[in-house]
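Residue numbers (my numbering): 37 to 279.
Think of the CB as a built atom: it goes at the ideal place given N, C-alpha and C, for glycine as much as any other residue.
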Amino acid sequence: MHSGTADDTSSAAIGALDVPGTASGAPGTTQPKPRPTPADTEATAASVPAQLPGLGPQTLAEIPKNARQVVLVTGRGKDSPKSQVVLYRRTSAGWEPGATWPAHNAFKGWTDDHQAGDLHSPIGVFTLTDAGGLLDDPGTKLPYDQSRGFTIGGTGFEGEPLAGSFDYVVAINYNRKAGTTPRDWTRPLGADKGGGIWLHVDHGGPTHGCVSLARKHMKELLLTLDPDQQPVIVMGDADSLKR
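Okay, here's the thing in structure tokens:
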């Protein structure tokens, strides 16, 4: 189980404010704003991909048509515990990327057939509907369960302390009942298929199956995710996501 807002940027408005004409215009007249050139328009459109980058047709087909926020987790390799997270939002032009963050995934990497205790993160597309944590709700729009039940101790695979890992949590809807606290242990696919796969605070090492981000990035993610935007997580190693 051990397993942001994206810093949205926008272009400055094209053209300057109209001001009374002096050397370049008659007194009392204004200069029109320059129109964007075709090159300007093409450059802007080219900066926003029509499709999410790095994803093949099989993966793209799994993303719900109504999803307007995607947390894209791309693993370095099938057996690697390290990955990269980018938050995308759908606009009229395409998928606009936000910040890029380093992350950890499971100790043994990724799998298409996750089993309880296999130390792999599941590959796939999963909805994000519920959050929680040991700390108070930072202001997320997701349902948030603040509970002492998120307390954790012990050490990770590299001897790092696990305390604080569940200060902020977003449940990944793999083998769980959506609309419940992340601490709900209902397993629709059966206990053998594992569960308790979360996004949570990074503890500095590989996870048991979850995806972990730095504390500040988890807080930003919680503040960005909006249930009205039907957010999903797309996760897996780079080669698998290209299918």
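Alpha carbon of residue i to alpha carbon of residue j, nearest angstrom
i           : j           : result
residue 102 : residue 208 : 18 angstroms
residue 157 : residue 221 : 18 angstroms
residue 169 : residue 205 : 5 angstroms
residue 316 : residue 199 : Nothing can be reported for residue 316, as the shown portion of the chain is limited to 37 through 279.
residue 99  : residue 183 : 31 angstroms
residue 154 : residue 223 : 16 angstroms
residue 19  : residue 121 : Residue coverage of the chain in this structure runs from 37 to 279, which leaves residue 19 outside it and unanswerable.
residue 114 : residue 176 : 32 angstroms
residue 119 : residue 241 : 12 angstroms
residue 189 : residue 196 : 10 angstroms
residue 143 : residue 127 : 35 angstroms
residue 236 : residue 161 : 18 angstroms
residue 279 : residue 108 : 15 angstroms
residue 210 : residue 152 : 12 angstroms
Nearest-angstrom beta carbon gap, residue j and residue i [assumed within contact, 8 angstroms]
i           : j           : result
residue 111 : residue 273 : 4 angstroms
residue 263 : residue 165 : 7 angstroms
residue 106 : residue 270 : 6 angstroms
residue 225 : residue 238 : The Cβ separation is near 27 angstroms, so there is no contact.
residue 163 : residue 214 : 6 angstroms
residue 181 : residue 219 : 7 angstroms
Buried versus exposed, by CB contacts within 10 Å (16 or more), residue i
i           : result
residue 147 : buried
residue 138 : exposed
residue 172 : exposed
residue 256 : buried
Secondary structure of residue i, DSSP reduced to three states
i           : result
residue 87  : coil
residue 227 : helix
residue 133 : strand
residue 263 : helix
residue 198 : coil
residue 276 : helix
residue 97  : helix
residue 253 : helix
Starting from the N-terminal side, write out each stretch of the beta strand (DSSP E) that is 3 residues or longer and does not extend beyond the region 150-190. 160-163, 167-169 and 180-182
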